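Numbering follows this note's numbering, with no gaps: position 392 of the sequence shown is 423. Cβ coordinates follow ideal geometry from the N, Cα and C atoms, glycine included. Every value quoted in this text rests on a predicted model; they were computed, and no experiment measured them. Here's the structure, in structure tokens; my notes come after.
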Amino acid sequence: MRGWLPEVNSVSRTLQPLSALKIALQCGGSDAFSGVSGNPLAAWVAKQVIRYGGSANLAETDELIGAEQYVLANVRDLETARRFLATVEGFKYLVRRHGHTAEDNPSGGNNYRGLYNITLKSIGAAMKRDPEVRLDYVIPYGAQMSEPGFYFMDSPGNDLESIAGQVASGCTMIFFVTGNGSITNFPFVPTIKIVTTSRRYALLSNDMDVNAGAYLDGTPLEELGSETLDRTIRAASGERTAGELAGHTQVSIWRNWRQSDESAAAELQSAAEPSGEPLRLRATAQRVEHEYTAVNTAHGPVTDQIGLILPTSLCSAQISRIIARRLNERHIGEGRVSRFAALPHTEGCGVSAGSAEEIYTRTLLGYLTHPLVGHGLLLEHGCEKTHNDYLREKLMEHGVDTSQFGWASVQLDGGIDRVIDKVEQWFAEQLAEAPPATHTPAGLGSLRLGVATVGETPPMWSIASRA
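Okay, here's the thing in structure tokens:
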């Protein structure tokens, strides 16, 4: 990499036409105002870029179901219209293959903010195409945008997966419209975040770039659009966006799992859950006692005690890691917990309803109630369906006292910096009142072993017959 530096450092910026810009149009954490202020503003700016010879890319196939008539009200030709409709039908079929329906797209957060069904959500999402702009091209996920104009790219409604495809298609700037204040940023393509209401912008001003709520407050769309276009040009010229200044990024590529054996999938879905009964111990003639030094807890003797920051989705995962690193560097709770850990993962708003969601929820609850977790805190991003209220309800269903955990929200607590401070303060207060960790000898009977096997997987029928 050092060998590249002289060449990289010799590059200087030069004036370029706006025709070189390719805009990714994206939204997440949508609310009832997304289709009124934020998306029309992004569409207005994209229209100007296209007028100058640039390109724009609209994505999220399932978020346009119910708005097909509007999308095709201005289209290049009959073949392009047919390709768009075929893409929508193909996505519906894909979702059915996985045992779900695309019409179930709105998340709990969408419902909470006034989007009660897929049609309401889709009409708002479709407003990222200005009525005066025609749909020119329909492309597969990640396919290159070779000509100027307005594109539709096939992709899921999950923001991060959709953005990853738009960047792969060649987009050099991302317009991310959000009602709840999603802090989405791509690692190397600038993200201009447009929030739909002034109140939410005031709460998250350090993490947002444009307040589309000004349109609701009386600013003409053309005036607000001109300001946003200027902001776009400055970002293209090297001025850092709010996300770049925060140093926060997220990436997730679309995982279109292939299902070729529908009978095997149905068999797995209908299988009974494990009983949880332990294996019976075999009596032995001679028993040798072994001991290890354990930590005394309310759960009994365990091998360790940690402070856990649990992100409830991929979107809050990196923030969780930042917090855990900061707490470890500052030696918070030293002598009471051995360290802090975050558990970044790839699920959240993308987890499907039904059995997949049940597995996801059961897994997170298992982490929170694990005997090695001395103190645990849940960190939501704020827009996914597996938000704090959802997990609080699930804990209560299992008879778990929710007051023992910390609860934080990147969006509702005011953005990245504020939520980091809040989480640190919660752990500091909890651990200041906690007794120091004590150790005691313990027998091997207090250990719980996880066993994994390595080798070829038996055929599906063999697994089923032995179950």
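Excluding the five sequence neighbours on either side, which residues of its own chain have a C-beta within less than 8 Å of the C-beta of Ile-451, listed in chain order? Counted from its first residue, the sequence shown places residue 451 at position 420. Excluding positions up to five away in sequence, the list reads Ile-350, Ile-353, Ile-354 and Arg-357.
Beta-carbon proximity check, Tyr-182 vs Ile-194, cutoff 8 Å: Here residue 182 refers to the residue found at position 151 of the sequence shown. Here residue 194 refers to the residue found at position 163 of the sequence shown. No, the pair does not count as a contact, with Cβ atoms beyond the cut-off.
Identify which residue in Gly-269, Tyr-101 and Pro-71 has its Cα closest to the Cα of Ser-43. Here residue 43 is taken as the residue at index 12 of the sequence shown, counted from 1. Of the listed residues, the one whose Cα sits closest to Ser-43 is Gly-269.
Where Gly-210 sits in the DSSP three-state scheme: On the sequence shown, position 179 is the one that residue 210 refers to. Gly-210: coil per DSSP, three-state reduction.
Excluding the 5 residues preceding and the 5 following Asn-242 in the sequence, name in chain order all residues of the same chain whose CB lies nearer than 7 Å to its CB. For the purposes of this step, residue 242 is taken as the residue at position 211 of the sequence shown. Within the same chain, Asn-242 has close Cβ partners Val-226, Ser-229 and Tyr-232.
Taking the CB atoms as reference points, tell me whether Phe-219 and Ser-213 lie closer together than 8 Å. Counting from one through the sequence shown, the residue named residue 219 turns up at place 188. Counting from one through the sequence shown, the residue named residue 213 turns up at place 182. The answer is no: Cβ separation not under 8 Å.
If you draw a straight line from the C-alpha of Ala-302 to the C-alpha of Ser-386, how long is it? Within the sequence shown, residue 302 is the residue found at index 271, counting from 1. Within the sequence shown, residue 386 is the residue found at index 355, counting from 1. Going by the C-alpha atoms only, they are around 11 Å apart.
Within 10 Å of its beta-carbon, does Val-119 have 16 or more other beta-carbons around it, so buried, or fewer, so exposed? As a position in the sequence shown, residue 119 is number 88, starting the count at 1. Flag for Val-119 reads buried.
Compare the beta carbon distance of Gly-413 and Asn-211 with 8 Å and say whether it is the shorter of the two. Here residue 413 refers to the residue found at position 382 when the sequence shown is read from its first residue. Here residue 211 refers to the residue found at position 180 when the sequence shown is read from its first residue. Closer than 8 Å, so yes.
From the DSSP secondary-structure annotation, give me the bridge partner or partners of His-406. Here the question's residue 406 lines up with position 375 in the sequence shown. Paired residue(s): Gly-338.
Report back the beta-carbon spacing between Leu-56 and Tyr-246 to the nearest angstrom; my notes put them in contact at under 8 Å. Here residue 56 is taken as the residue at index 25 of the sequence shown, counted from 1. Here residue 246 is taken as the residue at index 215 of the sequence shown, counted from 1. Contact doesn't hold; Cβ gap of about 17 Å is too wide.
Determine, using beta carbons only, whether Ala-277 and Leu-146 come nearer to each other than 8 Å. Here the question's residue 277 lines up with position 246 in the sequence shown. Here the question's residue 146 lines up with position 115 in the sequence shown. Not a contact, by the Cβ cut-off of 8 Å.
Unbroken alpha helix (DSSP H) run spanning Tyr-232, endpoints: Taking the sequence shown and counting its residues from 1, one reaches residue 232 at position 201. First-last of the alpha helix (DSSP H) with Tyr-232: 229-234.
So, under 8 Å CB-CB, Asn-237 and Arg-165 are touching, yes? Tell me the CB distance rounded to an integer number of Å. Indexing the sequence shown from 1 puts residue 237 at position 206. Indexing the sequence shown from 1 puts residue 165 at position 134. With a Cβ gap of about 38 Å, Asn-237 and Arg-165 do not count as contacting.
Are Trp-285 and Gly-196 close, meaning C-beta to C-beta below 8 Å? To locate residue 285, count along the sequence shown from 1; it is residue 254. To locate residue 196, count along the sequence shown from 1; it is residue 165. Contact: yes.
Residues of its chain near Ser-477, where Cβ-Cβ distance is below 8 Å and the 5 sequence neighbours each way are ignored: The residue given as residue 477 occupies position 446 in the sequence shown. Closer than 8 Å at the Cβ level, and outside the excluded window around Ser-477, lie Ala-325, Gly-331, Pro-332 and Val-333.
State the Cα-Cα distance for the pair Ala-463 and Pro-472, rounded to the nearest angstrom. Counting from 1 along the sequence shown, the entry for residue 463 is found at position 432. Counting from 1 along the sequence shown, the entry for residue 472 is found at position 441. Distance between the alpha carbons of Ala-463 and Pro-472: 26 Å.
Of the residues Thr-343, Thr-45 and Gly-407, which one's Cα is nearest the Cα of Thr-377? What you label residue 377 is simply residue 346 of the sequence shown in a count that begins at 1. Ranking Thr-343, Thr-45 and Gly-407 by Cα distance to Thr-377 puts Thr-343 first.
With which residues is Gln-57 paired in a DSSP beta bridge? Counting from one through the sequence shown, the residue named residue 57 turns up at place 26. Note: Gln-57 sits in a beta bridge opposite Phe-207.
Go ahead and label Met-239 buried or exposed: buried means 16 or more other beta carbons lie within 10 angstroms of its beta carbon, across all protein chains shown. Position 208 of the sequence shown, counting from 1, holds the residue named residue 239. It is buried - the Cβ of Met-239 has at least 16 other Cβ atoms within 10 Å.
Tell me which residue opens and which closes the beta strand (DSSP E) that Trp-438 is part of. As a first step, residue 438 must be located in the sequence shown, where it is residue number 407. From DSSP, the beta strand (DSSP E) with Trp-438 extends over 437-440.
Let me know the secondary structure DSSP gives Ser-496 once reduced to three states. To locate residue 496, count along the sequence shown from 1; it is residue 465. In this prediction, Ser-496 has a pLDDT of 44, which is less than 50 and means its spatial position is unreliable; nothing more can be read from the coordinates.
Rounded to whole angstroms, what's the CA-CA distance from Thr-45 to Ala-267? Just pull it up for me. Counting from 1 along the sequence shown, the entry for residue 45 is found at position 14. Counting from 1 along the sequence shown, the entry for residue 267 is found at position 236. C-alpha separation (whole angstroms): 11 Å.
Starting from Pro-37, follow the beta strand (DSSP E) in both directions and report where the run begins and ends. Within the sequence shown, residue 37 is the residue found at index 6, counting from 1. Premise fails: Pro-37 lies in the alpha helix (DSSP H), 36-40, not in any beta strand (DSSP E).
So, helix, strand or coil for Thr-433, using DSSP? Here residue 433 refers to the residue found at position 402 of the sequence shown. Three-state DSSP puts Thr-433 in a helix.
Look at the alpha carbon of Ala-156 and the alpha carbon of Asn-40, and state the distance between them as a whole number of angstroms. Mapped onto the sequence shown, residue 156 falls at position 125. Mapped onto the sequence shown, residue 40 falls at position 9. Cα to Cα, the separation comes out at about 41 Å.
Assuming contact is defined by CB atoms lying nearer than 8 Å, are Leu-396 and Leu-374 in contact in what I supplied? On the sequence shown, residue 396 is found 365 positions in, with the first residue counted as 1. On the sequence shown, residue 374 is found 343 positions in, with the first residue counted as 1. No. Outside cutoff.
Excluding the 5 residues preceding and the 5 following Ala-465 in the sequence, name in chain order all residues of the same chain whose CB lies nearer than 6 Å to its CB. Sequence index remark: in the sequence shown, residue 465 carries index 434 (1-based). Excluding sequence neighbours, Ala-465 sits near Arg-367.
When the distance is taken between beta carbons, is Ala-112 closer than 8 Å to Lys-123? Along the sequence shown, read from residue 1 onward, the residue named residue 123 stands at position 92. Along the sequence shown, read from residue 1 onward, the residue named residue 112 stands at position 81. Against a cut-off of 8 Å, the Cβ pair of Ala-112 and Lys-123 comes out as no contact.
Run the CB neighbour count on Asp-509, radius 10 Å, all protein chains shown included, and call it buried at 16 or more, exposed below. The question about residue 509 has no answer here: the residues shown for the chain are numbered 32 through 498.
Tell me which residue opens and which closes the beta strand (DSSP E) that Arg-311 is part of. On the sequence shown, residue 311 is found 280 positions in, with the first residue counted as 1. Careful: Arg-311 lies outside any beta strand (DSSP E) and carries neither H nor E.
Over what stretch of residues does the beta strand (DSSP E) that includes Tyr-182 continue unbroken? As a position in the sequence shown, residue 182 is number 151, starting the count at 1. It spans 180-184 - the beta strand (DSSP E) in which Tyr-182 sits, taken as one unbroken run.
If Leu-409 sits next to Leu-341, beta carbons under 8 Å apart, how far is it from one beta carbon to the other, in whole angstroms? The residue labelled residue 409 in the question sits at position 378 within the sequence shown. The residue labelled residue 341 in the question sits at position 310 within the sequence shown. The pair is a contact, with the Cβ atoms about 5 Å apart (cut-off 8 Å).
For Glu-365, which residues of its own chain have a beta-carbon under 8 Å away from its beta-carbon, when the five flanking residues on both sides are left out? If you number the sequence shown from 1, residue 365 lands on position 334. Answer for Glu-365: no residue qualifies.
Span of the beta strand (DSSP E) holding Val-326? As a working note, residue 326 is residue 295 in the sequence shown. Element bounds for Val-326: 322-328.
Glu-254 versus Trp-457 - alpha carbon distance: As a working note, residue 254 is residue 223 in the sequence shown. As a working note, residue 457 is residue 426 in the sequence shown. When rounded, the distance between both Cα atoms is 43 Å.
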